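Residue numbers (full-length UniProt numbering), protein chains in the order written: chain W, 1 to 304; chain F, 1 to 304. Beta carbons are placed, not taken as given, at the ideal position from N, Cα and C, and that holds for glycine. No experiment lies behind these values; they were computed from the predicted model shown.
Number of protein chains: 2
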Amino acid sequence: MGKLLVVGSVAFDTVKTPFGEVEDVLGGSATYFSTAASFFTEVDLIAVVGEDFPEQHIEFLKGRGIDISGLERRSGKTFRWKGEYSYQLNEAQTLDTQLNVLETFRPKIPDHYRNPDLLFLGNIDPELQLDVLNQVKRPKLVACDTMNFWIGGKREALWKVLEKVDVLVINDGEARELGQDSNLVKVAQETLARGPKHLIIKRGEYGVLMFNEKHTFGAPAFPLEMVKDPTGAGDTFAGGFMGHLAATGDFSDAGLRRAIVFGSVMASFNVEAFSLDRLRDLDYKEVETRFREFKRLTHFEDLS
Amino acid sequence: MGKLLVVGSVAFDTVKTPFGEVEDVLGGSATYFSTAASFFTEVDLIAVVGEDFPEQHIEFLKGRGIDISGLERRSGKTFRWKGEYSYQLNEAQTLDTQLNVLETFRPKIPDHYRNPDLLFLGNIDPELQLDVLNQVKRPKLVACDTMNFWIGGKREALWKVLEKVDVLVINDGEARELGQDSNLVKVAQETLARGPKHLIIKRGEYGVLMFNEKHTFGAPAFPLEMVKDPTGAGDTFAGGFMGHLAATGDFSDAGLRRAIVFGSVMASFNVEAFSLDRLRDLDYKEVETRFREFKRLTHFEDLS
């Protein structure tokens, strides 16, 4: 089993959807990612929280077997995000962002974290992503996420990161902005020519596409009767994806496809409840059952 | 090989997309449908055109082996539609609709059409769809399409149609309006409880979903480097779907899944050029090749 390192955010989220609202619940990209990945492998977490971060959340992460010796606690308040979703649940409207301790965050990698097999660079400033890359021995596989804010504002630093990563995981709006084209096949050609070997484009309720030099893989999202809160779906997807890759060490096209389906499965559970609540009571048998359902969902017979 | 009957529109389309524009080109739901279906089976066509409909289009349809003895020619002008697409090619903005001879169209089924194996009721007034159903011996499989205009304006007549059909083929916006819910799984449950055995939801560039009592099937759209004009994609999908079903007579879940992929393949070709131009020079070998590519696109290994 490979060691997986993630750097990202730990947050308090206040979220309203047509199906309810929650205040200051556990959130953040590194939280969703590491919790999802912990179903498959050991995870080392790098993030920062403030003095207001309660012991119960620490205990939850520890309980998932996540190594939190890289979770820095600083004076000040924890990062806070407030968002709202309409009935069309695919995109959040951000109502408020308070960076707090995240504003001056400089990831420091503990010595025993410096030799990961896989590394996930969550959505933070591309300069910090580069900084993390410089602090570790080159992992077997590096993946990263980003967002429009950095694509627009730190384009050059971002391309420097992308030259060094194996997998870029972004949503379709971000992909179009990065590639400056509305056609995702052209965006993929452009992006793959400049860095990452694999481009994974998340499309929310519409599923996911993966492009690499030789192959394209497409999968729908798992159709759900109840989507309560899409917050964290992308990070949960990435966690399931990287967690499964860490567990198998199979980075072939077939291995990546399976990992994408595991990521989709984890995301499909996560959106069934607010915060990480569905992942709290999920067991691995349910994950495998839904993977098999996913196979039945997408299977059709080839021509003879 | 089963006989397939389609009723729908034949039109002149004026279309502008970011990749070009065309004026008064061949279009209409029955045109796209029957041309796509003609790659798989014999098609009987019911539609109406005006005195302005040129011989070259008649010859094209005949050349595809389509029986056009049900193509009524009336005094007046042919139905005209004018639309425009932005870079986000998923939805057209209708600029002008001139019903012309379609306004007083009452489908009359020639005697030798009255015993079809499969029937597709294209997007026309639900009362006319009922009228067509009453004029034929109950086919082995009936599918229909509709649109928001009828869902809003002739809801009761539409439900009467849906009670009598096996497959409803609509897009996701229409599905949400029909089921009065934003969640497609709930829409499917509601719809299937009231009539059709299978609900197929077209999602444009995001692919397609099929729901029936026992199964759900999901497939992405084929990723294309060039989408020039999405006009007619939905009808081309339906034509490939029904044409393949007519050719095999296999209406099992597995048969329907394969037919959906053939429909997706035909639609993926159609959007590569304006009007039906890509279908004009397409041969069946290319259809099979893309079907196999579609299998590679979506395949992943199941758990052992």
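Of the listed residues the options, nearest to residue i (C-alpha basis)
{"i": "residue 47 of chain W", "options": "W:36, W:158, W:29, W:54", "result": "W:29"}
{"i": "residue 78 of chain W", "options": "W:35, W:298, W:273, W:27", "result": "W:27"}
{"i": "residue 298 of chain F", "options": "F:261, F:270, F:286", "result": "F:261"}
{"i": "residue 22 of chain W", "options": "W:103, W:141, W:276, W:191", "result": "W:276"}
{"i": "residue 25 of chain F", "options": "F:11, F:35, F:206", "result": "F:11"}
{"i": "residue 148 of chain F", "options": "F:131, F:124, F:42, F:84", "result": "F:124"}
{"i": "residue 1 of chain F", "options": "F:245, F:121, F:288, F:274", "result": "F:245"}
{"i": "residue 205 of chain W", "options": "W:190, W:227, W:161, W:39", "result": "W:227"}
{"i": "residue 177 of chain F", "options": "F:166, F:163, F:158", "result": "F:158"}
{"i": "residue 192 of chain F", "options": "F:162, F:131, F:40", "result": "F:162"}
{"i": "residue 69 of chain F", "options": "F:112, F:35, F:280, F:239", "result": "F:112"}
{"i": "residue 182 of chain F", "options": "W:301, W:19, W:56", "result": "W:19"}
{"i": "residue 122 of chain W", "options": "W:234, W:86, W:39", "result": "W:234"}
{"i": "residue 194 of chain F", "options": "F:231, F:155, F:207, F:215", "result": "F:155"}
{"i": "residue 243 of chain W", "options": "W:9, W:14, W:36", "result": "W:36"}
{"i": "residue 215 of chain W", "options": "W:207, W:256, W:239, W:232", "result": "W:256"}
{"i": "residue 64 of chain F", "options": "F:54, F:303, F:39, F:190", "result": "F:39"}
{"i": "residue 103 of chain W", "options": "W:197, W:50, W:164", "result": "W:50"}
Coarse secondary structure for residue i, derived from DSSP in three states
{"i": "residue 226 of chain W", "result": "coil"}
{"i": "residue 299 of chain W", "result": "coil"}
{"i": "residue 218 of chain W", "result": "strand"}
{"i": "residue 234 of chain W", "result": "helix"}
{"i": "residue 260 of chain F", "result": "helix"}
{"i": "residue 120 of chain W", "result": "strand"}
{"i": "residue 4 of chain W", "result": "strand"}
{"i": "residue 271 of chain W", "result": "coil"}
{"i": "residue 287 of chain F", "result": "helix"}
{"i": "residue 10 of chain F", "result": "coil"}
{"i": "residue 324 of chain F", "result": "Since the first and last residues shown for chain F are 1 and 304, residue 324 of chain F lies out of range."}
{"i": "residue 111 of chain F", "result": "helix"}
{"i": "residue 67 of chain F", "result": "strand"}
{"i": "residue 304 of chain W", "result": "coil"}
{"i": "residue 250 of chain W", "result": "coil"}
{"i": "residue 207 of chain F", "result": "coil"}
{"i": "residue 154 of chain F", "result": "coil"}
{"i": "residue 91 of chain F", "result": "coil"}
{"i": "residue 34 of chain F", "result": "helix"}
{"i": "residue 294 of chain W", "result": "helix"}
{"i": "residue 105 of chain W", "result": "coil"}
{"i": "residue 61 of chain F", "result": "helix"}
{"i": "residue 276 of chain F", "result": "coil"}
Beta bridge counterpart(s) of residue i as assigned by DSSP
{"i": "residue 96 of chain W", "result": "W:82"}
{"i": "residue 16 of chain F", "result": "F:21, F:84"}
{"i": "residue 73 of chain W", "result": "W:49"}
{"i": "residue 198 of chain W", "result": "W:167, W:212"}
{"i": "residue 43 of chain W", "result": "W:4"}
{"i": "residue 245 of chain F", "result": "In the DSSP output, where bridge partners are listed per residue, residue 245 of chain F has none listed."}
{"i": "residue 27 of chain F", "result": "F:11"}
Distance CB(residue i)-CB(residue j) smaller than 9 Å
{"i": "residue 237 of chain W", "j": "residue 188 of chain W", "result": "no"}
{"i": "residue 252 of chain W", "j": "residue 294 of chain W", "result": "no"}
{"i": "residue 224 of chain F", "j": "residue 218 of chain F", "result": "no"}
{"i": "residue 5 of chain F", "j": "residue 31 of chain F", "result": "no"}
{"i": "residue 172 of chain W", "j": "residue 202 of chain W", "result": "yes"}
{"i": "residue 128 of chain W", "j": "residue 110 of chain W", "result": "no"}
{"i": "residue 99 of chain F", "j": "residue 66 of chain F", "result": "no"}
{"i": "residue 17 of chain W", "j": "residue 95 of chain W", "result": "no"}
{"i": "residue 59 of chain W", "j": "residue 105 of chain W", "result": "no"}
{"i": "residue 136 of chain W", "j": "residue 167 of chain W", "result": "no"}
{"i": "residue 239 of chain F", "j": "residue 75 of chain F", "result": "no"}
{"i": "residue 170 of chain W", "j": "residue 145 of chain W", "result": "yes"}
{"i": "residue 221 of chain F", "j": "residue 199 of chain F", "result": "no"}
{"i": "residue 8 of chain W", "j": "residue 231 of chain W", "result": "no"}
Every unbroken beta strand (DSSP E) within the segment 123–152 of chain W, with a cutoff of 3 residues, ordered by chain: 141–144
Sequence ranges, alpha helix (DSSP H) only - wholly within the segment 168–196 of chain W, length at least 4: 172–179, 184–194
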